[in-house]
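Protein chains in written order, with numbering that gives the first Met the number 0: chain A, 0 to 259; chain B, 0 to 259. Yeah, the Cβ is synthetic: ideal placement off N, Cα and C, and Gly gets one too.
Number of protein chains: 2
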Amino acid sequence: MKIKEIVMIGSGNLATNLALALYESHKTIVCVYSRTLENAKTLAERCDCRYTNRLEEIPKTADLYIIAVNDSSIKEISEGLSNLNGIIVHTSGTIPITVFSDQINNHGVFYPLMTFSKYKKVNFTDIPICLEANSVRAIIALHKLANTISNNALEISSERRKMLHLAAVFACNFTNLNYSISDDILQKNQLSFHLLKPLIIEMTRNTFLRKPAENQTGPAFREDIETLQTQNELLKSFPEYLEMYNLLSKLIISTKHKND
Amino acid sequence: MKIKEIVMIGSGNLATNLALALYESHKTIVCVYSRTLENAKTLAERCDCRYTNRLEEIPKTADLYIIAVNDSSIKEISEGLSNLNGIIVHTSGTIPITVFSDQINNHGVFYPLMTFSKYKKVNFTDIPICLEANSVRAIIALHKLANTISNNALEISSERRKMLHLAAVFACNFTNLNYSISDDILQKNQLSFHLLKPLIIEMTRNTFLRKPAENQTGPAFREDIETLQTQNELLKSFPEYLEMYNLLSKLIISTKHKND
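Below, the structure written as structure tokens:
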């Protein structure tokens, strides 16, 4: 089972980044599908291949079909892809492998643990690619393919992949919310978010040197009630962040005492 | 007004890092004070100077007294330092300059915007040092001193410094809490926190390329209700994080629609 020809189903940030990484690793993308023909065309032109917005026009003889669409559309699309011999995978962190009907002979998951934007092409070299498949032959083929774009492919069950995705929501999406709130507070006080850059770089570096819990600092961690009160006062100008401030401060304090 | 001789009051992470940075920039630390004599001694030995745990033994003729102690002790210590000609500063983000009595001729603030740990010596080169003083002569002297250890000294009022500190709590302390929760979730599922490293590095880089709000991704941002529900289910194993998960998801959604 060798993966030579690939169909990309989807044209969003993940689909685009993954298709380009495969294309640049000399894999052949034979077709891009998107509900919106214009989007399919844009990606297809970058991968030098055909495109369509009709599921029934997707070639039947490809070796791999990558469904990189919204979680809620995976089931429907996979049911529209019948009578194929190639492997069908989705790229979701949360949807289990059981989303695929047993009628699909070879199916699996190809989940790159990364945040993708429309602004920037991502380098896949270090990205963990979480693999799962319904057969040994399929998992071997997926491993081989993942290794052409990343040094960090690993097999992981649907249950643990879900947990990994949940952890990524805290580490990436919620962290980005913190940065965005910081930026808002600073901007409204005519201060630049870039003043925080050395602090953020240092904290991020420390995160990988020791356990994050060992790096915790700040007024909540010191249980400095006066500063917590002063900052509650300051948040009168930002009432939308007050509940979060107090909840996270409480969590920092209780985490500190967890092992008391 | 030239700062040659410096007294360091305090021996915690900030005091230690700042004293060493000044010492290594060929400034003379003449004395380290700490309530705990042993801690004063440890730092004094690294700065090649005297030490004491009695305020009245602090030399009266130094050019600068840096009070780098808990916020709640600044007032009391400054009141114990009377009849000095040198400048007295504190290093707090939140305490206003008015903590100092007018009887102290020259006073101000010397606040390095950074997280300091006992594990690691910090390089001050890029650290913003927020300065404030009650006289032009003092602010000029503090600027000159700050420039010997950092390229990033700036004058900033007590009011805006408080806001900067508040923004830093979100960007550093709360972000670290997120990493710590991620680590907890992963560890309990026999997964390594280092799997998230490429994701965290990418997200952190993006934060400084565009406005953080423009980088927001994830299930809440996509308003992917099914994934939010699935992750609520998963958090039954981590009930202490459920309220935070839902509050931050709600904030991501409301921030997205702020400018609708």
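- Taking 8 Å as the CB threshold, A/Asp70 lines the interface with chain B.
- Per DSSP, reduced to three states, the secondary structure at B/Val121 is coil, with no helix or strand assignment.
- With a cut-off of 8 Å on Cβ pairs, the segment 130 to 141 of chain B is in contact with the segment 99 to 107 of chain B, counting three or more such pairs.
- Considering only A/Pro238, A/Cys46 and A/Pro95, the residue with the shortest C-alpha distance to A/Ile5 is A/Cys46.
- Its Cα nearest to that of B/Lys249, the residue B/Pro218 stands out among B/Glu239, B/Lys235, B/Pro218 and B/Phe237.
- Those residues of the segment 91 to 113 of chain B placed with their C-beta closer than 7 Å to a C-beta in chain A are Thr93, Leu112 and Met113, ordered along the chain.
- For the segment 40 to 101 of chain A, the continuous alpha helix (DSSP H) assignments of 4+ residues that do not extend past its boundaries occur at 73 to 79, in sequence order.
- Comparing alpha-carbon positions, the option among B/Leu247, B/Ser181 and B/Gln230 lying closest to A/Ile94 turns out to be B/Gln230.
- Contact check for B/Asn214 and A/Asn175: beta-carbon distance about 6 Å, within the 8 Å limit, so the pair qualifies.
- Annotation for B/His106: no alpha helix (DSSP H) segment contains it, though the beta strand (DSSP E) segment containing it runs Asn105 to Pro111.
- For A/Ile184, the uninterrupted alpha helix (DSSP H) run begins and ends at Thr174 to Gln186, by DSSP.
- The Cβ of B/Glu225 sits closer than 8 Å to at least one Cβ of chain A.
- Taking the Cβ atoms as the reference, B/Asn205 lies roughly 17 Å from A/Ser191, outside the contact range of under 8 Å.
- Taking 8 Å as the CB threshold, B/Lys120 stays off the interface with chain A.
- When the alpha-carbon of A/Ile87 is set against those of A/Ser253, A/Ile57 and A/Leu112, the nearest one is in A/Ile57.
- B/His89 and A/Met7 have their C-alpha atoms roughly 59 Å apart.
- Judged by beta-carbon spacing, B/Leu130 lies within the 8 Å limit of B/Phe109, meaning their Cβ atoms are closer than that value.
- With respect to the 8 Å criterion, B/Lys120 and B/Leu21 are not classified as neighbours on the basis of their beta carbons.
- Between the alpha carbons of B/Gln228 and A/Pro111 lies a distance of about 22 Å.
- With a contact defined as Cβ atoms closer than 8 Å, B/Leu163 and A/Leu185 qualify at about 7 Å.
- Contact of A/Ser156 with chain B by beta-carbon distance below 8 Å is absent, the smallest such distance being about 10 Å.
- Close to A/Tyr178, with beta-carbon spacing below 7 Å, are these residues of chain B in chain order: Ala170, Thr206 and Pro211.
- In terms of CA proximity to B/Ala145, B/Ile65 leads the group B/Arg49, B/Ala43, B/Glu55 and B/Ile65.
- A Cβ-Cβ separation of about 6 Å places B/Phe207 in contact with A/Lys196 under the 8 Å criterion.
- By the rule that beta-carbons nearer than 8 Å mark a contact, B/Ala67 does not touch chain A.
- Among the residues facing chain A, B/Asn150 is not included, as its CB has no counterpart in that chain under 8 Å away.
- Against B/Glu222, chain A offers no close residue; the least beta-carbon distance is about 11 Å (beta-carbon pairs closer than 9 Å).
- Within the same chain, Cβ atoms closer than 6 Å to the Cβ of B/Ser10 are found at Ser33, Asn38, Ala39 and Leu42, the five residues on either side in sequence being excluded.
- By a beta-carbon distance limit of 8 Å, B/Asn177 contacts A/Ala170. Their separation comes to about 6 Å.
- Nearest CB-CB separation between A/Asp62 and chain B: not below the 8 Å threshold.
- Residue A/Asn172 holds the alpha-carbon nearest to the alpha-carbon of B/Glu222 among A/Lys257, A/His256 and A/Asn172.
- Contact of B/Arg159 with chain A is assigned, a C-beta pair being separated by under 8 Å.
- Out of B/Asn52, B/Thr60, B/Asn16 and B/Ser236, the CA that lies nearest to the CA of B/Ser81 is found in B/Thr60.
- Neighbours of A/Leu194 in chain B, taken as residues whose beta carbon is under 7 Å from its own, are Leu112, Pro127 and Leu163 in chain order.
- For B/Asp259, the number of other beta carbons within 10 angstroms of its own is below 16, and it is reported as exposed.
- Cα atoms of B/Glu78 and A/Leu233: separation of roughly 27 Å, rounded to the nearest angstrom.
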